Amino acid sequence: AWLPVRAYGLIKQTLMPVYKRLCSPPPPIEDGDIMRTKPEYQEGETVEYVCPRYYIKEGGPLTCRNGQWTGRVRCIRPCTVTREEMDRNNLRLQKDWLDKIYSEHNDHLTFKCKSGKRHDGRVAMRRHCIDGVILLPTCV
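Here you go:
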């Protein structure tokens with residue numbers, strides 16, 4: 028940056044070094060990985076995170092600013108439904124051809140009762156996955 032310096036009553040512009048703080052490697056995030064890492068990062072450099080299959084990345088990238096990482100990023104968990112859980116609640120998936128056991132965040136799964144069983148009516152048969160949590164209906 029150019030800074031004014033007074034010398035012999037005159038003001039002249041002199042180039043003075045400006046030291047920028049480096050960032051150390053970015054922080055880990057739960058369920059996510061950094062695409063590339065290195066020992067230090069320059070001001071303004073960014074890093075991207077990746078999430079595992081079925082996880083949804085929210086936010087990012089992080090940016091090195093004045094020696095600190097700025098920004099937010101997280102990996103949102105999918106919902107998992109096991110065959111045992113479906114058997115225990117006498118459920119099948121609405122679309123039998125869809126053998127979907129993982130459901131991404133904000134996705135919906137629709138269930139139906141196994142043959143000879145009836146929905147108890149406590150929760151709807153179409154369920155919404157929110158950050159790894161999905162409540163299953165029950166058939167009796």
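Under the numbering used here, think of the first position of the sequence shown as 28, with each following residue one higher. By construction, the Cβ of each residue, glycine as well, lies at the ideal position given by its N, Cα and C atoms. Quick caveat: nothing in here was measured; it's all calculated off a predicted structure.
Contact between residue 87 and residue 75 holds: CB atoms are separated by about 6 Å, below the 8 Å threshold. When the beta-carbon positions are compared, residue 118 and residue 141 come within less than 8 Å of each other.
Between residue 130 and residue 91, the CB-CB gap reaches or exceeds 8 Å. Counting of Cβ neighbours within 10 angstroms places residue 55 among the exposed residues, the total staying below 16. Around the CB of residue 164, 16 or more other CB atoms lie within 10 Å, so the residue is classed as buried.
When beta bridges are read from the DSSP output, residue 102 appears opposite 84. Residue 154 sits buried, since 16 or more C-beta atoms from the chains shown fall within 10 Å of its C-beta.
In the three-state reduction of the DSSP assignment, residue 145 falls in the coil class.
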